[in-house]
Every structure is written in structure tokens, then in C-alpha cells.
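Numbering (the numbering used here), first residue to last: 12 to 324.
The beta-carbon is built from N, C-alpha and C at its ideal position, and this holds for glycine as well.
See below for the structure under consideration.
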């Protein structure tokens, strides 16, 4: 997948979003679940005023009620921005993505809100033609309230149509390491697959939470020092997933969710670095480091005793 960039929150903030919108020449298609970023709203209006076709697909209901979304629709309409509202086929339309000029796709783990930009999250920017095309097909289907049928792609992950199968395969293919950010892993199939990877000797670590059936063998820690708002996985240091769907049955099977799988080395490496930095601040990491130091001292003492015994012979 060529032309991939990573957005890391809270490090990068709103700047990548504003720069993308200001550079748009022909069109912007934006899927919205929650939105309160005034600078981004201003940039969208400016794009429309310079002749860019701006289309928004706004969730019929959000986690904080409908009032703010309906007010946003009215403000957009007043400025000539095209507005469509999702249907009610799914309990929630939770996907977060933007397509610019039919050639660049943004898939976010975060909403367009100030709170989410201050939280740990990721966004993927890609120019991969297959992913961009598939995202466009989804946007059109949901805008027109028509059925969406995934075409062969292998990277664009959509709930409920393809997410369960694609994410199960993602987990099953882990051979050395599986790093997971997820606010709440509860899906029984996914938990079973994760536990199978642990039994196979894979280094599995989760920042977030896991359901009661997760078992005691899993290394799970809450996000240290800041809010977590992303669903992401990194497999074997060479493949990554970022999206809006947690490993929960409802988000895999009953809601509109959007994600992307990438293999671009620089992006994957950066995600591993961020995860390891976050993990190093967890209580479990501190405990394991302390135990490792004790073990090192025991091994050193044992070696010294063996040398002393050998010298005494």
C-alpha cells in the first residue's frame, strides 16, 4: 500500500486535518459521528467557497444525543455544504473517515472533537487506489441508504459486512507479537483467538480492557496517564490495523464501523514505538522490569558463586 501516513494523537492534533482540507481541489466526502472542531468547520466552509464540492454524511444519532448533530447539519446547509443523514439500518453509524479529491483516504480512530484530539488515538492516510475506491463505494451506499457489498480489497475493514472475518484472520496470523489498543475486548470468538496466540508463544499485550472471560494469562493494562480512544492492532511488527470497531460483538456485527489494514513499514514501526512507550508507563511493565532486575541479580550472584567454587578447587 503506497503513500501511507500515520496521524498520532494527541501529538499531531488538528493540523493534519486542516492541511488536508485546505489542499483539497475538487471534493471532500466526510463521515461524521461526533463533531465540535470549529477550526475544521471553518476550513470546510472555506473549501466550499473556493469551489470544492463538500459532502457530509452525518450519523442519525450520536453518543451525546442528536441536538448538536442537527445543529451542525443546519450550519453546513447554510454554507452550501451538502448534507446527508445516515439511515437507521444499524443501531449506530460510528465510522470516521474522509475522502479528498477521490484520491486520498483518511480513516480515523478518533472523532472530530477536541476531547478525542487530546486522547491517545491514530489516523491512517492512504492514497492506495483500491482502498480509496472501496471507501467511496461505502460512502455512496450509506449516503443513498443502499446496501453495501464489499469488493475484494483486503485492506478496507467494514462492520458488519467484513470486519469479523478480516480481524479474526488478522489475529490468527500473528506469529511473534500482537499489540492491541482497545477500550473493551468482549467478543468471545476474538478472546478465544487471542488466547490461542498466547498459548502459541506469541507476545500478546493489550492496552485497554478485556471482558471477564479473557482469562488470567493475558497481559492487559489500562491506558496510563491519558484517555484512550482508538481501536488498533499491530502484528509481528509488519502489519497494522486502525479503525472505529472494538473487538465487541455489537461493533463487529451490528453497527457501521470503518477500519484499515496497512503494511507500510514506517507507519507500522511508529505505531509499535508509540505502543511500547505507552506500555512502559503501565503498572505491569514496572512490575515486570522490577522482577527482571531481581532475576538478573540472582543470576549474577549464582555465577559469582560458581566462579568462587571453581577457584577453590
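- Message: Using a 10 Å radius around the Cβ and a threshold of 16 neighbouring Cβ atoms, would you call residue 301 buried or exposed?
- Response: The residue given as residue 301 occupies position 290 in the chain shown. Burial call: exposed.
- Given a threshold of 16 other Cβ atoms within 10 Å of its Cβ, counted over all protein chains shown, does residue 193 qualify as buried or as exposed? If you number the chain shown from 1, residue 193 lands on position 182. Flag for residue 193 reads buried.
- Task: List the whole-angstrom C-beta distance separating residue 66 from residue 40, where the pair is believed to meet the contact cut-off of C-beta under 8 Å.
- Result: Mapped onto the chain shown, residue 66 falls at position 55. Mapped onto the chain shown, residue 40 falls at position 29. The pair is a contact, with the Cβ atoms about 5 Å apart (cut-off 8 Å).
- Task: Starting from the C-beta of residue 264, find all residues in its chain whose C-beta is less than 6 Å away, skip the five residues before and the five after it, and write them out in chain order.
- Result: Position 253 of the chain shown, counted from the first residue, corresponds to residue 264. Closer than 6 Å at Cβ, skipping near neighbours: 171.
- Query: Which class does residue 285 belong to by DSSP, given the choice of helix, strand or coil?
  - Reply: Along the chain shown, read from residue 1 onward, the residue named residue 285 stands at position 274. Helix.
- Task: Kindly indicate which residue of 102, 100, 109 and 24 has the alpha-carbon position closest to the one of residue 38.
- Result: To locate residue 38, count along the chain shown from 1; it is residue 27. The candidate whose alpha carbon is nearest that of residue 38 is 109.
- Where residue 54 falls, given that 16 or more other Cβ within 10 Å makes a residue buried: On the chain shown, residue 54 is found 43 positions in, with the first residue counted as 1. Result: buried.
- Query: Hey, out of 226, 241 and 216, whose CA is closest to residue 295's CA?
  - Reply: The residue you call residue 295 lines up with position 284 of the chain shown. Ranking the options by Cα distance to residue 295, first place goes to 216.
- Given 8 Å, three or more beta-carbon pairs between the stretch 110 to 123 and the stretch 131 to 143: yes
- Query: If you check the beta carbons only, do residue 257 and residue 120 fall under 8 Å apart?
  - Reply: Sequence index remark: in the chain shown, residue 257 carries index 246 (1-based). Sequence index remark: in the chain shown, residue 120 carries index 109 (1-based). Not closer than 8 Å, so no.
- Task: Count the other CB atoms, across all protein chains shown, that sit within 10 Å of the CB of residue 315; report buried if there are 16 or more and exposed otherwise.
- Result: For this step, residue 315 is matched to residue 304 along the chain shown. By the neighbour-count rule (16 or more Cβ atoms within 10 Å), residue 315 is not buried but exposed.
- Message: Taking contact to mean 3 or more Cβ pairs, one atom from each stretch, closer than 8 Å, check whether the stretch 232 to 245 and the stretch 177 to 193 are in contact.
- Response: yes
- Cβ separation of residue 131 and residue 239, assumed to be a contact under 8 Å, to the nearest whole Å: Residue mapping note: residue 131 aligns to position 120 of the chain shown, counting from 1. Residue mapping note: residue 239 aligns to position 228 of the chain shown, counting from 1. Residue 131 to residue 239, Cβ: 5 Å. Contact.
- Starting from the Cα of residue 282, find the closest Cα among 251, 311, 304 and 305 and give me that residue. Reading the chain shown from its first residue, position 271 is the one you call residue 282. Looking at the Cα atoms, 251 is the closest of the given residues.
- On a CA-only basis, which of 277, 145, 87 and 260 is nearest residue 49? Give me that one, please. In the chain shown, the residue the question calls residue 49 occupies position 38. When each option's Cα is compared against that of residue 49, the closest is 87.
- Return the residue from the list 203, 145 and 196 that minimises the CA-CA distance to residue 166. By 1-based counting over the chain shown, the position of residue 166 is 155. Comparing Cα positions, the closest option is 145.
- Query: Quick one: Cα of residue 101 to Cα of residue 306, how far?
  - Reply: One-based indexing of the chain shown puts residue 101 at position 90. One-based indexing of the chain shown puts residue 306 at position 295. Taking the straight line joining both Cα atoms gives about 53 Å.
- Message: For residue 209, report the span of its alpha helix (DSSP H) as first-last.
- Response: For the purposes of this step, residue 209 is taken as the residue at position 198 of the chain shown. Note, residue 209: alpha helix (DSSP H), 199 to 210.
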